[in-house]
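J.:
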Amino acid sequence: MANINKITNNLKALREERGIKQKFIAEKLGITPNYYSQIENCHRPPQLEHLLILRDLFNVSLDDIFFNGEIANCDKVEAKVVS
């Protein structure tokens, strides 16, 4: 399972790639910008309800948020080992 640091780094990267401010994300989540900043800086874990909103907002899967494509790479490695 992905650790919290990896998840929050992925959230920050997704937000920055899209040029979105933390304040906008916080408004969409119904939390303060300070609270969202604490999530991105690993001071608070993201809540599942927030992750579901962010998934839809960024138009990505939860796998993208949790693993940032590492699952696909893992599957390829495992497929070689099994063959």
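The sequence shown finishes on residue 99 if you use the working numbering, and the numbering steps up by one all the way, no holes. Beta carbons are placed, not taken as given, at the ideal position from N, Cα and C, and that holds for glycine. Here the structure is a predicted model, which is why all the values come from computation and not from measurement.
(1) Whole angstroms are fine: how far does the CA of Asn84 sit from the CA of Gln38?
(2) Under 9 Å, do Lys44 and Leu73 count as touching if we go by C-beta distance?
(3) Measuring straight from C-alpha to C-alpha, what distance separates Glu56 and Glu33?
(4) If I measure Cβ to Cβ from Val76 and keep anything under 8 Å in the same chain, skipping five residues before and after, which residues do I get?
(5) Only counting runs of 4 or more residues, tell me where the alpha helix (DSSP H) segments fall wholly within the segment 20 to 54, in order along the chain.
T.: On the basis of the coordinates in this document:
(1) 20 Å
(2) yes
(3) 14 Å
(4) Leu30
(5) 20 to 33 and 38 to 45
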